[in-house]
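Note that the protein sequences, when read in sequence, are chains A and B. Residues 1 to 339 (our numbering) are what the first sequence spells out, left to right. Residues 1001 to 1339 (our numbering) are what the second sequence spells out, left to right. Virtual Cβ for every residue (Gly too), placed ideally from N, Cα, C. Note that the structure is predicted; figures quoted are calculated from it, not measured.
2 protein chains.
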Amino acid sequence: MKLKDLAEHLQLSQTTVSRALNGYPEVAEETRRRIVEAARRFGYTPNAAARRLATGRTGSVAILFPAERNLLVDPHFSDFLAGLAEKFGEADMDLSLKATRKTEELDTYRHLATMGRVDGFIVSSPRSHDERLSLLAGLNMPFAVHGRSQDGLDFPYFDIDNEGAFRQATELLLDLGHERIALLNGIRELNFAQAREEGFRLALAGRGLSADPELIFNGPMVEEMGYRQTCHLIDRPAPPTAVLAASVLLAFGAYRAARDRGLTIGRDISIIAHDDGLPFLKAETLEPPLAATVSSIRNGGYRLAEILLGRIAGKPASELQEVAPVDLVFRPSVGSARK
Amino acid sequence: MKLKDLAEHLQLSQTTVSRALNGYPEVAEETRRRIVEAARRFGYTPNAAARRLATGRTGSVAILFPAERNLLVDPHFSDFLAGLAEKFGEADMDLSLKATRKTEELDTYRHLATMGRVDGFIVSSPRSHDERLSLLAGLNMPFAVHGRSQDGLDFPYFDIDNEGAFRQATELLLDLGHERIALLNGIRELNFAQAREEGFRLALAGRGLSADPELIFNGPMVEEMGYRQTCHLIDRPAPPTAVLAASVLLAFGAYRAARDRGLTIGRDISIIAHDDGLPFLKAETLEPPLAATVSSIRNGGYRLAEILLGRIAGKPASELQEVAPVDLVFRPSVGSARK
DNA sequence: CCCTTCTCCCAAAGCGCTTTGGAGAAAGCA
DNA sequence: TGCTTTCTCCAAAGCGCTTTGGGAGAAGGG
C-alpha cells in the first residue's frame, strides 16, 4: 500500500495525507484523525527510499573503523558503540558500521558523502591533527567527534575532561604523599591520551615535581599491557609507590602484577584508574575496590549521537561542544605512601 | 553533478550514460570509454537515494541486538560483527546496527522491512525455536542465520559443526582415560550450546557413559564464569579430571581456578575448549598452550555476509546452507587421566 | 455588505536514477 | 538489390514521496 492508494481510498489528495502523517499544521484535526486511523488500519508505512529522494535526508549515519586493527574487540569502543546505537535507534536513524583499510579511509568517507548515503558521520579516536576532520568539513558533511583535536576547526564534539580527571587523580596521590607515580596510558597518538598525560604533568608541576619519563607508558589498553608494565615497574630499583592507569583494564593487569609480586594493593602500592563504566569489569567489585575517575563511555556514545543529530538538524557547532566533568571516587586501592 | 548534466555534456541520453556506467552490454565500447572517462573527470557519483528508489534495492542490511544485554561487549559477537563489516564493506553494502529492546524486537524487524529500509537481515544467536525466523520468512525478507534452529524452516545459514567438535573433544578426553568430565557451556537457550551438549553426550554414550548433570554448567561465556564454576568443580568431593569449555574465555577462567587451587594443568586437570579465534586471547599462547577445537568466528561473519548477499541476489536457500567443519588441535593442556 | 484574512485542501512539479519499448543505422544474407 | 538482424542509442515513463504555489470557502473586520 502506497501513499497514492491511501489517498484515493480516503478521497483526499496525496498532499493532505502526507502532511497529516508528518504532523504539518495545515490540516484539520478531524481530517488528520481519519487519515491516521486509516493509515494504521491498512498498515501503511512510507517507503524509505522515496522519502529519502524527496527530502534529501537519508536517515542514516556512519562510523568507520580500521579493518586491520579490529577496534570492535576493544570493549571501550564496543560500549561506546552501544550508546550510539541506542540513541540512533530511538531517533529511528540507521547507524552503519564500516570496516575500512587505513589507506582507503579518506576515500570511504568521500565515497559515502558524495553518494549521499549518509547524513553524517561519527568520528572516533581522533588524533591530534586529524585529516578526517578537515576532509569532512570541506565536504560540508555533518560530523561529530568523540574527543577533541588540536586542529583549529570548529566542530561538534563530546569529550570528557581527561586533563582535569588525571590532574585530580594525580593530586590525590600527591596529597597522600606519593612522589614516584607511574602513568599507564593509551596510545600516544590519540588525543585523549595526551590530555591525560598533560593533566598528570600539571599536577606534578603544581608541586614543583616533574614527570619521570621512565614511569610513563603508552600502549593498547588491555589487561596484558597493564600486567606487563606493572611487573617492570615493580622490579625497578626504586619502584613507584603509585600507579595511575588510563583504563580499568590496565588497572586489572596492574592488580595481577601486584599480587604476583606479593604486594598489598592500597598499602604497598596504590592504584587508581579511569573507569569508563565497562559493564563486565566494575571498579567497585575488584578486590580491593579500585579508586577511579568515572565517566560512562556508553553514555558518551549516547550524548555524541544527540550531538550529531543536532548538527544534522542544523544547529551551529558552537552549541554542540560538550566536555563532561569526571568524578573522582575514592576507594581502598589507594592509601598513603609508605615512609 | 548529476546524470542529466553528465549526459548533456556528452551529448548523449541519460539512458546511455546510465547503461555505460552500470556495465550493460548495449553500448559501444568506444562510447563507454568516453563516458567513463568523463564521469571520472567530473567526479560524478550516482545518488544513492535515487538509485534505491529506481531499483528497489537499498544496498543495506541490518543486524539487531538486544539493548538491555549489551551483546556488543561480548567479544564473540564483536569479532563476528567485524567479519560481517568486512565483507559488506567489500560489497559496498551498508551494515546497520540496531539496538532494540526485547519487547520491541519483532516490531523493529517488521518496521525496517515494510519501510523498505534494508535488503536483508543477519540473525544472530538463534534460539531453538525462534519467532524471528518465521516473521522474516512471512515478510518475504531475505535473511541469514548465524547458527541453526529447530524450526522446520528452510533458510540460509552458516554454522560450525558444534556437535561434531564437542563429540571429538570429548572422545579425545575419553581416549586419555578421563571419565569425570565437566562441561562449561553457553546459555542453554542458544542453539549452539545445545548442539555442543549433544556432542558431549553422544561421545559419552558411545562409551556406555552418561553425562552427570552436576558437571554441566550453562551461563555467559566470560572469564569470571569459568573461574567460579571451575573452583566449585575442583572443590567437589570427586572433582572432574577434565574440563571441556565452550570458549577460550571460560577456559581462561578455568586456568586461573586451577592455579589458585595449586593444580597443574595438563597433569592434575585437563582443559580443552572451543576457540573462536578471538584476537586478544590466543589459545596457543596460554601457559600451558590450550588444546582446542578451532574455528574463526570472524571468518564465520565473513561467510555469513556472503551467504546473505547470495540470498539477496536470489539464490535458493538450499544452496546457502553451510556447516563448517571444526579442527581439533592437541596441545599440552590435556594429558592422560591420573590413576 | 464588501473586502481581507485564515483555514483547509489540491494539482502538479520535482527528487535523480533505471528501464521499457522503440528507432535509425549498419551489417549480414540471399 | 531488397530484406532481416544486430548494434547503438534515445525519449519517456516510472519509482513513491515531499513541497511549492495556489484556490475555494468560511470567518472576521470595517
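Asked: Give me the chain B residues within the contact set of A85 of chain A, using Cβ-Cβ distance strictly less than 7 Å, ordered along the chain.; Found: L1097, K1098 and A1099
Asked: Do you know offhand how far F1143 of chain B's Cα is from A28 of chain A's?; Found: 42 Å
Asked: Please classify L1153 of chain B as buried or exposed, where buried requires at least 16 neighbouring CB atoms within 10 angstroms.; Found: exposed
Asked: Who does S1060 of chain B pair with in a DSSP beta bridge?; Found: B:D1094
Asked: Anything in the segment 106–134 of chain A with a Cβ closer than 7 Å to a Cβ of chain B? List those residues in chain order, please.; Found: T114, M115, G116 and R117
Asked: What alpha helix (DSSP H) runs, 4 residues minimum, are completely inside the segment 1177–1234 of chain B?; Found: 1191–1206 and 1223–1234
Asked: What residues in its chain sit with their C-beta under 8 Å from that of D327 of chain A, if we drop five residues either side in the sequence?; Found: T293, V294 and S295
Asked: Could you give the DSSP three-state label for Y1255 of chain B: helix, strand or coil?; Found: helix
Asked: Compare the C-beta of D1094 of chain B against all C-beta atoms of chain A and say whether one is closer than 7 Å.; Found: yes
Asked: In chain order, which beta strand (DSSP E) runs of at least 3 residues are fully inside the segment 86–148 of chain A?; Found: 94–100, 120–123 and 143–146
Asked: Can you say whether E1026 of chain B is buried or exposed, counting buried as having 16 or more other CB atoms within 10 angstroms of its CB?; Found: exposed
Asked: In the DSSP assignment, find the alpha helix (DSSP H) that holds A49 of chain A and state where it starts and stops.; Found: A48 to T55
Asked: In chain order, what are the residue ranges of uninterrupted beta strand (DSSP E) at least 3 long that sit wholly in the segment 235–309 of chain A?; Found: 242–245, 270–275 and 291–294
Asked: Please report the distance separating the alpha-carbon of A246 of chain A from that of K87 of chain A.; Found: 26 Å
Asked: Below 8 Å on the Cβ atoms is my contact criterion, and I expect L106 of chain A with L135 of chain A to pass it. Report the Cβ-Cβ distance as a whole number of Å.; Found: 6 Å
Asked: Is F1042 of chain B close to chain A, meaning its C-beta is less than 7 Å from at least one C-beta of that chain?; Found: no
Asked: Skipping 5 residues on each side, what residues in its chain have a beta carbon closer than 8 Å to that of E179 of chain A?; Found: L209, T241 and A337
Asked: Using the Cα positions of V1118 of chain B and M1221 of chain B, report the straight-line distance between them to the nearest angstrom.; Found: 31 Å
Asked: Would a check of beta-carbon distances place V1248 of chain B closer than 7 Å to chain A?; Found: no
Asked: Report yes or no: do the segment 1147–1163 of chain B and the segment 1218–1233 of chain B share at least 3 C-beta pairs separated by less than 8 Å?; Found: no
Asked: Would S78 of chain A count as contacting chain B if we go by Cβ distances under 7 Å?; Found: yes
Asked: Check whether chain A comes within 7 Å of G1219 of chain B, counting only Cβ atoms and requiring the distance to be less than that.; Found: no
Asked: Mind checking who E1322 of chain B pairs with in its DSSP beta bridge?; Found: B:F1158
Asked: Go ahead and pull the three-state DSSP assignment for P75 of chain A.; Found: helix
Asked: Since A1039 of chain B meets chain A, which of its residues come closer than 7 Å, beta carbon to beta carbon?; Found: Under the 7 Å cutoff, chain A gives no residues; its nearest Cβ is about 12 Å from A1039 of chain B.
Asked: Give the residues of chain A in contact with A1050 of chain B, contact being defined as C-beta atoms less than 7 Å apart.; Found: L53
Asked: What whole-angstrom Cβ distance do F1158 of chain B and E1284 of chain B have, given they're in contact under 8 Å?; Found: That belief does not hold up - the Cβ atoms of F1158 of chain B and E1284 of chain B are roughly 25 Å apart, past 8 Å.
Asked: Measuring only between beta-carbons, confirm whether T1285 of chain B sits less than 7 Å from chain A.; Found: no
Asked: Does L1072 of chain B get closer than 7 Å to chain A when you measure Cβ to Cβ?; Found: yes
Asked: Which partner residues of V329 of chain A appear in the DSSP bridge assignment?; Found: A:A292
Asked: For A1203 of chain B, tell me which candidate among B:R1256, B:G1186, B:L1215 and B:Q1168 has the shortest Cα-Cα distance.; Found: B:Q1168
Asked: Compare the Cα-Cα distances from G1300 of chain B to each of B:A1317, B:A1273 and B:L1278 and report the closest residue.; Found: B:L1278
Asked: Which residues, in chain order, does the segment 262–296 of chain A contribute to contact with chain B at a C-beta distance below 8 Å?; Found: L278, P279 and F280
Asked: Starting from the beta carbon of T45 of chain A, find every residue of chain B whose beta carbon is closer than 7 Å, and list them in chain order.; Found: T1114 and M1115
Asked: Would the beta-carbon of L95 of chain A fall within 7 Å of that of S1060 of chain B?; Found: no
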